[in-house]
Amino acid sequence: MRIVPLTAMLLGLMLVSGCSHPDRVGDGPVAPARAALPPLPERWRAVADAAGPVADGWVAAFGDPRLAALVAEAQEKNSDLQAAAAQVQRAAALARQARSGLRPAVQAVGLGSRSHIEIDDIEIGGQAGLPVPSSIEYDSTSFLGLAQASWEIDLWGRISDGWYAALENEAAARADYFAARQSIAAGVARAYLVSIEASRQVGLAEEAVDTLEHLHRLVGLQVREGVAMDGDLALIRANLEQAREALARAQGARREAIRALELLVGRYPAAEFASGIDLPPMPTPPPAGLPSTLLERRPDLVAAERRVAAALHAEDQASKARLPRLSLTGLAGAVSDALENIFDPTATLFSIGGNVAAPIYQGGALAAGENIADAELRAAIAQYAGAALAAFEEVETALDSGVVLRRRRDAAVIRVREIEEALRIEDLRYRVGESSLLDVLQIRQQAITARSDLATIERMEREQFVTLNLALGGSWNAPEADPPEISEKDGDANP
């Protein structure tokens, strides 16, 4: 009878076990997760005419090269993104580790020994029965080389379930990475817009200080000439110091905003970025798609759904731990008294066997494992439902905020125009003695406040555009880049 070499058999088993791959792992809806959601409306409630496919590339919609460059820099240098990329690599390695259980494990064993035995004063009886001194010496040398193999056959799919769970977790990590990319891009855009508004607020505060300093000098001359009262000069001085305090506060806010921006792009927060004073043009409001498509579009929701799928596989794996396990073991090698003869066919040896093990009593460990898996599944479903509802709320709020901000912006523009006209008229009345300086200063302060509020609303409008795109799952750039690939030294080439 011909015996198939063990190595050939193991290679065949490795090929068979390596051919299987789960269908649709990391893709497609997960029924228990979707079932936890309430009925979804056919369209967004906040805005009736927001339908249309969600577009990618919202950074380019601003038409601001500086913003685009800052976002690109953050994608390369931000430490949170680097950590997210490392988590993808970790999840991929864990998936490969989980798959290794489907393949045979082979290890090599080499042994070598040398012994020397010497026995003295052995009594050997002669004719006269007298002891005869004698000794025996014995040298022994042996070399043993073995290849040992073991393989658990995945009869019930328990090991495969562990692999599938790891693959789903890898898909979740990749989705988390894409979510982090989008979140960082949105954070940079917001910080950039805030830094511009802060610079505009500094400009307004400087203008107020310059105006009051000029007025202070003018009223000082009038007091010396006897055409103005000391009370007017004191009032101007008080308003001037208030304006200087507001300027210092605005300058501090600008430095704080610039440091936040520098931190996001991976620079040292030295407040050295030269922020402009002109906001980028307001892009056209984006189409919002349909609520039903948000679940596939937002990467954070994709990640949460993949974790539900992973928990389902983990629950199946825990329930199958009660079933019997079939394992094969084998070894092949050679033993010889000389190293050069270790490959002599006459010195070979081999053994192959199998065993079946079924759990009978584990002290409640198996039941506890099932309870843990069930609890983790319920937690994953609840977390998915919560994340999905929060995502819908973010979109509805962002859509509603866009309508509100457009109305506020229109009203603020009219307010600035009217208050500046009122200031011009009141200043003329003061010059001809028909109004008091206090009235002029009050209207001037209202004009400064109105212009400051308009600057804030214009920044908030653009920030709402960023927030809406992020809530809709629109990518900051199209197409999205993949996470860093696992280096070759970390791949399947290693055991």
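Residue numbers (this note's numbering): 6 to 500.
Just so you know, even glycine gets a beta-carbon here, dropped at the ideal spot from N, CA and C.
No experiment lies behind these values; they were computed from the predicted model shown.
{"Check": "Beta carbon proximity, LEU410 to chain C, threshold 8 Å", "Outcome": "Chain labels in this structure do not include chain C; a single protein chain is all it has."}
{"Check": "Euclidean distance between Cα positions of GLU175 and ALA97", "Outcome": "6 Å"}
{"Check": "Alpha-carbon spacing of TRP63 relative to GLY479, whole angstroms", "Outcome": "7 Å"}
{"Check": "Contact check, SER280 vs ILE201, beta carbons under 8 Å", "Outcome": "yes"}
{"Check": "For THR289, three-class secondary structure by DSSP", "Outcome": "coil"}
{"Check": "Assumed close pair GLN153, LEU266 - CB separation to whole angstroms, cut-off 8 Å", "Outcome": "Between LEU266 and GLN153 the Cβ distance is about 59 Å, and since that is not below 8 Å, they are no contact."}
{"Check": "Beta-carbon proximity list for ILE377, same chain, < 6 Å, skipping 5 on both sides", "Outcome": "none"}
{"Check": "Three or more C-beta pairs below 8 Å linking the stretch 463-473 and the stretch 401-408", "Outcome": "yes"}
{"Check": "The stretch 222-233 contacting the stretch 160-178, beta-carbon criterion three pairs below 8 Å", "Outcome": "no"}
{"Check": "Spatial distance of PRO274 from ARG222 (CA atoms)", "Outcome": "40 Å"}
{"Check": "Under 8 Å between C-beta atoms of LEU45 and SER457", "Outcome": "no"}
{"Check": "Inter-residue CB distance, ALA258 and GLN206 (contact presumed, cutoff 8 Å)", "Outcome": "7 Å"}
{"Check": "Supposed contact pair LEU428 and ALA460 - C-beta distance, whole angstroms, cut 8 Å", "Outcome": "The pair is not a contact, with the Cβ atoms about 18 Å apart (cut-off 8 Å)."}
{"Check": "ALA52, DSSP secondary structure in three states", "Outcome": "Note on identity: in this sequence residue 52 is Val, with Ala being the wrong assignment. Coil, per DSSP."}
{"Check": "Residue interval of the beta strand (DSSP E) (run including LEU459)", "Outcome": "Element bounds for LEU459: not the beta strand (DSSP E) but the alpha helix (DSSP H), 442-477."}
{"Check": "Spatial neighbours of ALA315 in its chain, beta-carbon cut-off 6 Å, leaving aside the 5 residues before and after", "Outcome": "ALA170, GLU173 and ASN174"}
{"Check": "Distance between beta carbons of LEU268 and LEU198, contact taken as under 8 Å", "Outcome": "At roughly 16 Å, the Cβ-Cβ gap does not stay under 8 Å, so LEU198 and LEU268 are not in contact."}
{"Check": "Contact the stretch 321-330 vs the stretch 291-308: 3+ CB pairs below 8 Å", "Outcome": "no"}
{"Check": "Residues near SER155 in its chain [Cβ-Cβ closer than 6 Å; skip 5 each side]", "Outcome": "ALA110 and THR334"}
{"Check": "Own chain, CB closer than 8 Å to VAL408, minus 5 neighbours either side, in chain order", "Outcome": "ALA51 and VAL52"}
{"Check": "8 Å CB neighbourhood of ILE424 in its chain, flanking five on each side removed", "Outcome": "ILE448, GLN451, ALA452 and ALA455"}
{"Check": "Residues of its chain near ALA392, where Cβ-Cβ distance is below 7 Å and the 5 sequence neighbours each way are ignored", "Outcome": "ASP305, LEU306 and ALA309"}
{"Check": "DSSP state of SER22 mapped onto helix, strand, coil", "Outcome": "Caution applies to SER22, whose pLDDT of 48 falls short of 50 and renders its modelled position unreliable; the model cannot decide the point."}
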